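Notes follow once the structure below has been shown.
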């Protein structure tokens with residue numbers, strides 16, 4: 002959902018509110034929804050249908066794509082902060098704010114493509130927004146599990162530590178991916194193609210295929226994690242304590258650590274760094 006592969010700032014933009022079909026022809030170019038690593042399943046399933054209806058009304062509004070990206074960041078950070086609200090409402094509010102974050106992640110890129118206002122700054126802010134928002138959500142989840150307003154002592158902070166560990170893993174996984182292009186470009190090579198992501202070793206390739214099919218690694222992503230948090234909040238409301246929230250924090254931390262190691266191994270053993 003990032004603002005990539007479009008003309009530089011300064012190109013004349015289209016004016017006047019377009020029809021939905023006209024807008025989607027530009028804002029959703031061919032292949033956008035099929036990108037293996039660039040389009041979230043929620044975008045393909047429902048959010049692009051919603052966001053395009055919103056963005057077409059913003060084409061002449063006094064707002065820039067980068068300003069919308071800043072709003073995306075704010076929504077993601079607030080989702081993590083919302084988890085400090087005790088009880089089920091904190092989990093509900095966090096999940097709703099992540100949907101706002103996801104929607105703005107679509108809207109900023111769509112507006113940039115329509116206006117032909119994509120930029121390196123926009124791409125950079127988009128990536129920082131994902132790092133910051135997902136880290137804030139998982140950190141907030143750990144603080145929620147720690148029950149800061151009720152418990153004291155080292156045992157309570159164990160849950161906060163596990164949430165921070167999950168957040169660190171989520172950041173490192175994204176960094177491992179992004180740094181492939183950094184390393185290649187510094188060597189004068191082109192950005193990596195998706196086809197290069199398959200590990201050269203047959204055993205590792207098979208393990209990667211199984212992990213991809215199970216999709217357990219997605220649980221530490223913003224949208225998926227917010228749904229896990231919501232489910233844990235509902236279960237806790239029925240159960241009467243924070244058992245399910247704490248269980249979920251521990252599981253997400255374990256997934257983040259495992260996936261960080263496996264993802265790094267997958268990159269090193271693929272042709273992405275060649």
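In our numbering, the protein residues as written are 2 to 275.
Think of the CB as a built atom: it goes at the ideal place given N, C-alpha and C, for glycine as much as any other residue.
Being a predicted model, the structure only gives us computed values, none of them experimental.
Three-state secondary structure (DSSP) of residue i
i: residue 120; result: coil
i: residue 271; result: strand
i: residue 24; result: helix
i: residue 218; result: helix
i: residue 19; result: coil
i: residue 260; result: helix
i: residue 151; result: coil
i: residue 29; result: coil
i: residue 237; result: helix
i: residue 62; result: coil
i: residue 57; result: coil
i: residue 84; result: coil
i: residue 231; result: helix
i: residue 41; result: coil
i: residue 109; result: helix
i: residue 242; result: coil
CA-to-CA distance, residue j to residue i, given in whole angstroms
i: residue 247; j: residue 80; result: 18 Å
i: residue 250; j: residue 104; result: 25 Å
i: residue 100; j: residue 146; result: 22 Å
i: residue 113; j: residue 265; result: 32 Å
i: residue 148; j: residue 139; result: 15 Å
i: residue 254; j: residue 46; result: 27 Å
i: residue 219; j: residue 226; result: 8 Å
i: residue 82; j: residue 175; result: 22 Å
i: residue 166; j: residue 185; result: 29 Å
i: residue 64; j: residue 111; result: 13 Å
i: residue 3; j: residue 268; result: Residue placement at residue 3 is poorly supported in this model, since its pLDDT is 49, which falls under 50; the coordinates still yield a value, given next. Whole-angstrom Cα-Cα distance: 22 Å.
i: residue 234; j: residue 143; result: 13 Å
i: residue 53; j: residue 157; result: 44 Å
i: residue 27; j: residue 55; result: 15 Å
i: residue 132; j: residue 73; result: 12 Å
i: residue 75; j: residue 134; result: 8 Å
i: residue 96; j: residue 231; result: 7 Å
i: residue 262; j: residue 272; result: 18 Å
i: residue 238; j: residue 88; result: 7 Å
i: residue 25; j: residue 259; result: 39 Å
i: residue 106; j: residue 120; result: 15 Å
i: residue 192; j: residue 125; result: 15 Å
i: residue 173; j: residue 98; result: 23 Å
i: residue 90; j: residue 182; result: 41 Å
i: residue 224; j: residue 180; result: 23 Å
i: residue 216; j: residue 44; result: 17 Å
i: residue 169; j: residue 130; result: 15 Å
i: residue 151; j: residue 241; result: 14 Å
i: residue 194; j: residue 243; result: 44 Å
Spatially closest choice to residue i from the options, by CA coordinates
i: residue 51; options: 21, 94, 77 and 61; result: 21
i: residue 284; options: 97, 49 and 132; result: With the chain represented from 2 up to 275, any question about residue 284 goes unanswered, as that position is not in the structure.
i: residue 123; options: 242, 85, 66 and 61; result: 66
i: residue 252; options: 229, 86, 239 and 75; result: 229
i: residue 59; options: 95, 109 and 87; result: 109
i: residue 115; options: 43, 61 and 181; result: 61
i: residue 275; options: 187, 170, 169 and 216; result: 187
i: residue 41; options: 86, 68 and 102; result: 102
Contact belief for residue i with residue j at Cβ below 8 Å, rounded distance in angstroms
i: residue 70; j: residue 127; result: 6 Å
i: residue 245; j: residue 236; result: 4 Å
i: residue 78; j: residue 137; result: 5 Å
i: residue 57; j: residue 18; result: 6 Å
i: residue 141; j: residue 84; result: 4 Å
i: residue 221; j: residue 161; result: 17 Å between Cβ atoms; not a contact.
Within-8 Å CB hit, residue i to chain C
i: residue 115; result: Absent here is chain C; the protein component of the structure consists of one chain.
In chain order, which continuous runs of the alpha helix (DSSP H) of length 4 or greater are located wholly inside the segment 162–200?
-> none
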